[in-house]
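Enquirer: Below is a structure I'd like to ask you about.
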Amino acid sequence: MSERADMLSFTEHIRNVCFLAHVDHGKTTLSDSLISSVGIISERLSGKLRYLDNRDDEQRRMITIKSSSISLIYSPNNPTVRTGSAKALNDSPCIINLVDCPGHVDFSVEVSTAARLCDGALLIVDAVEGICPQTKAVLRQAWRESVRTALVLNKIDKLILDLNMTPVEAYQRLRDLVDQVNALMFQMYNEYLNVDADEEGIKVDVSAKKWFFCPSEGNVVFCSALHRWCINLPEFAEHIVHKLNVPPAKSGGILKALWSDLYYCPRSKTLKPCHGREKPFFVQFVLEQVWKVYDAIMTNWSPADIEKCVRYSGATLSARQSRLLESSATPAAEEREELLTTVMGSWISIPSGIVRMIVDCLHNPVQAAKKRLKRICPAVLDYPAYEEVISCKPTAPTVVHVAKFLGCDLNIMRLTGDVLHGDELAEEFVAFARIFSGCLKVGSELYICAARRPAAGCGFADDIHSDVRQRTVCVKRIMICMGADLLDVDTGWPGNIVALHLSQPGSSPGDAASPHASDAGRRDNMDHVKEVMAWILSLGDPHRQKVKNLGDEFDNRSRFTRQGNLCSVDRHLTLSSDPSFPGFPPLNLEFNNPIIRVSVEPQNVKHTQEFLMGLAYLYISDPAIELDVLKTGEYVLACCGEIHLERCVNDLANLYAKVPITVSKPRVSVREGVVNLPPTDTSAVAYSKALSKMVNFPPWQNNSNAAEEQPAEPDPTVDHKLVTPIKGLPGTYITAAALKLGTEYAVTPSGDTVLLVRTVQMPQQVLDYVENNNNDIKRAIYGGEPPPQFATGALEQRMSCYLEKLENDIVATWRSSTVQRGATLDVGHLWAISTNRGSRTMLFYNDNNGLKVLAAPATAGDEAAAPSSTDRQKLVRPPPMEWRFRDTYQPEKISTIEWSKAISAVMSGFEVASQFGPCTEEPLRGVAFVIEGMYTISTPCPDASPERSLYKARKPTSPAQREDASEETTRNDVLSKLLHKREFQGDAKDTQSEPASDAEEDEGEGYMRIGSHVKLVTNEHTTFESGADDIQDTLSQFSDVLTFQSSRRSGSGVSTAGNIISTMRNICRKAIMQRGRPRIYEVMLRLELQCDQGVLGKMYSVLQKRRTQIVAENVRNCTNTFVIEGLIPASESFGLAQDLRSKASGGVVFHLQFSHWEMNPDDPFPEVSMTDEEFEDAGFNMARMLQSNVPRKIINYIRKMKGLITEEKVVASAEKQRTLSTKK
């Protein structure tokens, strides 16, 4: 232990390495081999014990579920480390912090946490199965975290024993695998370079040689973790040089020739190119030697050849193994395999090759900090002590990043598994963290560093400050992980991966072994858990306090500002001794998709407190889950797959809550969208109404009792063939052209603002662009940080450049996908983007093309000059609003301040409508909202009577109101002069303004102003209404960019933010729920299935019943195994494993991974597009039509699960009916 504590201070001798691979490719077996080499476990148990799988379900399933860490010390004096490795270590000891990661797709978040904490990674690939879906995913995760990767081709023994390949065939297979992995690296390398070719900063740290794999460079090894041997070409080349007596000056040529198309000619003792049947140099001197050992021991038992191998390798045989060589009988397979492991492990052992590759090819913390920190956290470049931080000196500011929290029992110093043993408790948590710089001591107080606050929106949104003082934590204990065991250390040195016990500041660290210290730590953890419980309860409270949203995912997993010093809601923390240090952005959870949701509740209501406590524990321990509370009070648990769901439910019931719980049937996440329809020929029938009166639209809304709207008496002064009056706002009209495009309108209840909105299906190329750049967009619009490639200049300048580039790229992509020409698009100018909670929507402004207002009379105050009923009045278009995409997230002009109040409310309504669709309350995807018109007047008429002028200002009655009106008029005058806008002359009796010119008098009467305020009320003029609770719940979801607080007194007579938000939300929902337009996006999973030829037909029958799209079918080389690739909807994947294995009698292996979102082409409401004549058709059966409608079934199921109104008819008070026969 003392040696280990001393080694922790040598940062240059530390290697932080994680094992990445597809499931069952040999990660844990390889880690067992390394652990056994330092004497922690026996070599005989290596590969069988699975030391780092410390959970019972991991041992039972034979897969890794939770990532585990262990510190291994290798020194030149270690007998398992050969001379070549000692030279690579420069005769100095080395400590390797090894993190074994899961390979199953359901636990991808564990890979993200490990990649954030480590500087290097070993990508392990099965030589038989090759590149699998999860192999690509983990490699991309390592790339995103700028982790240097080395390649391990494992299970070479299967090429010999299972596939019976010759050395030449195996050589071709290995070359193909290396080329395939390099192809993946080349693809990511090109994506990295092509982000912005003009940025010089992106080319500084780019070298093609260091990112690609080549065995002669030492970053590729060939091994068999089961038999504990490894081939490292630099080490093997030293043996060849010694055997062939090659001069030292030419030894480099031997290493390069080992992985080339050269062969060794014994006659001339030279290397020559291969032309025909010649065996490559690698086959002659490497593979053939390995094949001979396997042939002598495993295939054709030959004691004589085995003795030669034993003498050459220097292996020490046990007495039992020596007796095997003396016997003429062939031993059992287990005995021969054990002998093979002894011989091969002594000749080319795994520690010798793996450790040398780790030391030579992977960076130490000092080297990695100079390259990784600026990519992980671009804001660190502006930090004054940046050079000190990347130097990893103990005197630098302390920087610690917490990737996740681990459940433990500090009394026995052990991490908890899925089953508690003896007196073990699961009530404490330690932070799994990495010390990036500085020296950490027990008792140190660190600041919780928040991610840089966004510059976006701060100019026009009032921030909510609930915690002015920056929070701090106290480091109570510092430990290192040894699998499931924890070891105390006094000091945490830079570059190490540690486990920290954090507490509130002011609490004494005390003696770690004392029971009082343990009780105090348990109390601190209970405070954190109770805080999480309070947050969980607040999810279902519509009147909860607004919270700040600062995370990368920008949903309920993000950081929330709360009262208190340490909040365990923050599952990813950045701690520093300097409060000004910028916090690291949260983990990249691109491959973590919680698509399966269930409702959980205790079976007995008296266990509610224990249930909530367990739910809080589960939330802290698992960064992959999502929690939500429905309006019905149900607690919804979102997981990443069936195995992840099963593990979470078991942990909740048996480990944390310890009470019986009830779990609902799983449901998958969906997204709502729209499709474009050709313009209608007539505007007589509204898009939001069904063609037949026998149909309710939406189906869960009863329209039979709805009163028919009486058409208003037409105004003879306007041409109603071209325009239609807007109900609730006299003097405003919507054009017939806008109605034909499906434009919907809504008026605020105060009657002073009208919004015209239509929906457009986003082109697939634009949707793909947003999806591919989702992380950068989120970081910019919600986090206020530009992408890493924008690394030069001030923050505001970088943000401005990125927002401009983002807008230009979207416009160019939209134009190219729709073949449009001209300066502007047919949807207008981009205003905002929503990517929160999985939504993918945009907001455009189309210069008021669909809105017309009455022109003002010739004289502003002359009411006698009003036109007669026979005269046609002049309709004009209101002036367009000069608002840019950049103004939404980075306002610069003074002129935008006045508009920002109302526009920010519109943006908030757009955000809420994007996150909660009208069909299932799920996020929207691929929808573009176009504001065709937005018109706001200063003071509407109270009674809205036609006899009274619409634009006439209300006369102030009190001195306070007159003072406000005067200030309002002065501010509007200044702004109108700044904007060079036309002024609408008001009533001279009520306002003091300059006389308008003749040209200005034509526009109307009164000031046009954006940004009025009234009290919060609901919108009563739209189809989809929302109550006060809905609005309060909506307001609590806003991000800081769109946060808006009214600064005016309620009841001022004009619209407040809540009024406009509610109207915008409802009109967006109404624009989506139009006849024939709603669609549902389903999650598509990528399926890879392996089976024998005999059960191939049965596999296809199972897949076809589940709407599976077969993409490819191949036969694996040298086998009769078929590999089927396809796409299956996530809703059809439940129970797939049981069906496949029952049909194939267990002889099938399959893998499911998230692929993409795909729109279901079927209309969920086909009946609303049918006429009365079609319903009266004798052969029509509506029930049969809806029975095969998959989107309709999904919508009804989700609405029922969420407690929403459905079309299902339930008899409230049924009475027993008697037939006529019973009455006799």
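Mapping of the sequence shown onto our numbering: position 348 corresponds to residue 1576, and the numbering continues sequentially without gaps. Where is the CB? At the ideal position from N, CA and C, for every residue including glycine.
In three-state DSSP terms, what is Q2189?
Expert: Here the model assigns Q2189 a pLDDT of 48, short of 50, so the residue's position is not dependable, and the following value carries that caveat. DSSP places Q2189 in the helix class (H, G or I) of the three-state scheme.
Enquirer: Near G1542, which residues of its chain fall below 7 Å by C-beta distance, leaving aside the five closest residues on each side in sequence?
Expert: S1574
Enquirer: From the DSSP output, read off the bridge partner residues of Q2025.
Expert: Q2025 is not bridged to any residue.
Enquirer: Where does R1495 sit, in a helix, a strand or coil, going by DSSP?
Expert: coil
Enquirer: I need the boundaries of the alpha helix (DSSP H) containing W1575, first residue and last residue.
Expert: A1561 to W1575
Enquirer: Would a C-beta distance cut-off of 8 Å place A1378 and N1460 closer than the cut-off?
Expert: Not closer than 8 Å, so no.
Enquirer: Determine, using beta carbons only, whether F2362 and L2324 come nearer to each other than 8 Å.
Expert: no
Enquirer: Among all the DSSP beta bridges, which residues are the ones paired with M1710?
Expert: D1713
Enquirer: With a Cβ-Cβ cutoff of 8 Å, do I1604 and S1804 count as a contact?
Expert: Not a contact, by the Cβ cut-off of 8 Å.
Enquirer: Look at G1956 and G1970 and say whether their C-beta atoms are less than 8 Å apart.
Expert: no
Enquirer: What do you get for I2433, buried or exposed, if any count of 16 or more other CB atoms within 10 angstroms of its CB means buried?
Expert: exposed
Enquirer: For the candidate residues V1717, P1810 and G1581, whose alpha-carbon lies nearest to that of P1612?
Expert: P1810
Enquirer: From the DSSP output, which residues share a beta bridge with S2370?
Expert: Looking at the DSSP assignment, S2370 forms no beta bridge with any residue, so it has no partner.
Enquirer: Using a Cβ cut-off of 8 Å (strictly closer), state whether V1251 contacts chain B.
Expert: The structure shown contains no chain B; it is built from a single protein chain.
Enquirer: Assign A1398 to one of two classes, buried (16 or more other C-beta atoms within 10 Å of its C-beta) or exposed (fewer than that).
Expert: buried
Enquirer: Quick one: what's I1352 bridged to in DSSP?
Expert: A1249 and V1380
Enquirer: Check this for me: beta carbons of V2376 and L2364, under 8 Å apart or not?
Expert: no
Enquirer: Starting from M2312, follow the beta strand (DSSP E) in both directions and report where the run begins and ends.
Expert: That run of the beta strand (DSSP E) goes P2306 to D2320.
Enquirer: Can you tell me whether L1674 is buried or exposed, with buried defined as 16 or more other CB within 10 angstroms of its CB?
Expert: buried
Enquirer: By the DSSP assignment, the alpha helix (DSSP H) with N1392 in it spans what residues?
Expert: Looking at the DSSP string, N1392 is not in any alpha helix (DSSP H), and its letter there is neither H nor E.
Enquirer: Given this structure, state the Cα-to-Cα distance separating V2330 from K1383, to the nearest angstrom.
Expert: Using only the alpha carbons, I get a separation of about 32 Å.
Enquirer: Of the residues P1330, A1624, Y1973 and C1537, which one's Cα is nearest the Cα of E1286?
Expert: P1330
Enquirer: For A2429, is the classification buried or exposed, using 16 other Cβ atoms within 10 angstroms of its Cβ as the cut-off for buried?
Expert: Note on identity: in this sequence residue 2429 is Met, with Ala being the wrong assignment. M2429 should be labelled buried.
Enquirer: Among P2306, V2155, V2418 and C2147, which has the Cα closest to the Cα of R2427?
Expert: C2147
Enquirer: Use the C-beta contact count for T1960: other C-beta atoms within 10 angstroms, 16 or more gives buried, fewer gives exposed.
Expert: Under this definition T1960 is a buried residue.
Enquirer: W2111 by DSSP, collapsed to three states: which one?
Expert: coil
Enquirer: So is V1902 buried or exposed if we call it buried at 16+ other beta carbons inside 10 Å?
Expert: buried
Enquirer: Quick one: Cα of P1722 to Cα of I1708, how far?
Expert: 13 Å
Enquirer: Ignoring anything shorter than 4 residues, give me the alpha helix (DSSP H) runs that lie fully in the stretch 1266-1306, in order along the chain.
Expert: Listed in chain order, they are 1284-1289.
Enquirer: Alpha carbon to alpha carbon, what distance is there between P1958 and D2171?
Expert: Only weak support exists for where D2171 lies, its pLDDT of 38 falling under 50; the value from the coordinates is given anyway. Near 11 Å, if we compare the C-alpha coordinates of P1958 and D2171.
Enquirer: Would you tell me roughly how many angstroms separate the C-alpha atoms of L2355 and S1556, rounded to the nearest one?
Expert: 55 Å
Enquirer: How about the stretch 1457-1473 and the stretch 1590-1605: do they share at least three Cβ pairs that are nearer than 8 Å?
Expert: No contact exists between the stretch 1457-1473 and the stretch 1590-1605.
Enquirer: Hey, would you say S1274 sits closer than 8 Å to S1295, going by beta carbons?
Expert: no
Enquirer: For the beta strand (DSSP E) containing C1322, list its first residue and its last residue.
Expert: C1322 to D1328
Enquirer: List the DSSP bridge partners of M2162.
Expert: Answer is L1983, bridged to M2162.
Enquirer: Given a cut-off of 8 Å on the beta-carbon distance, is the pair N1325 and G1711 in contact?
Expert: no
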